[in-house]
Each structure stands twice: as structure tokens, then as C-alpha cells.
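Asker: Residue numbers (this note's numbering): 312 to 383.
All C-beta atoms, glycine included, are put in the ideal place defined by N, C-alpha and C.
(1) Please state whether the Cβ-Cβ distance between residue 320 and residue 376 is less than 8 Å.
(2) Taking the C-alpha atoms as reference points, what is the distance between residue 368 and residue 346?
(3) Assign residue 360 to buried or exposed, taking buried as 16 or more other Cβ atoms, counted over all protein chains shown, within 10 Å of its Cβ.
(4) Identify whether residue 320 lies in helix, strand or coil by the three-state DSSP scheme.
(5) So, using beta-carbon positions, are residue 338 and residue 358 closer together than 8 Å?
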């Protein structure tokens, strides 16, 4: 199972699975995860996840957190 982690305008988000069968989670500071309140459409490719998350959450941008970063 693939897992991609992102810092989305300051929030830690993980997206697991493969296209068509993805689940999204918010990551807590202690390593806990809770189900996210959004879905990732089945036609979003792995390479396009950061752009999709940026489009979805652009209203959460602040001067301090103004981007979506993929974390390794």
C-alpha cells in the first residue's frame, strides 16, 4: 500500500492506497491519525496529489503556511 504525506498549508495529511481506492487521514503530533473529512477522486494520479490538495484547501493558506509540501 502506498502512503504519501503532505504538509497542506500547515496541516499534516496522509493519503494511503492507490488510485481508485484511497483513504485520507489527518496526522497528529503523537503519530495518531484520524480519518480526513474529504475524499480523493479516483482519477487523481499519485503525481497530482499535491496539486489536488492545494486546490481543495487553498482557502486555508496563510502568510506563514502558503504551500503544499510533499514529505518523505
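Answerer: This is what the structure holds:
(1) Yes; because the gap between Cβ atoms is below 8 Å, this pair is in contact.
(2) Roughly 16 Å between the two C-alpha positions.
(3) Residue 360 counts as buried, since no fewer than 16 other beta carbons sit within 10 angstroms of its beta carbon.
(4) Coil at residue 320, not helix or strand.
(5) No, the pair does not count as a contact, with Cβ atoms beyond the cut-off.
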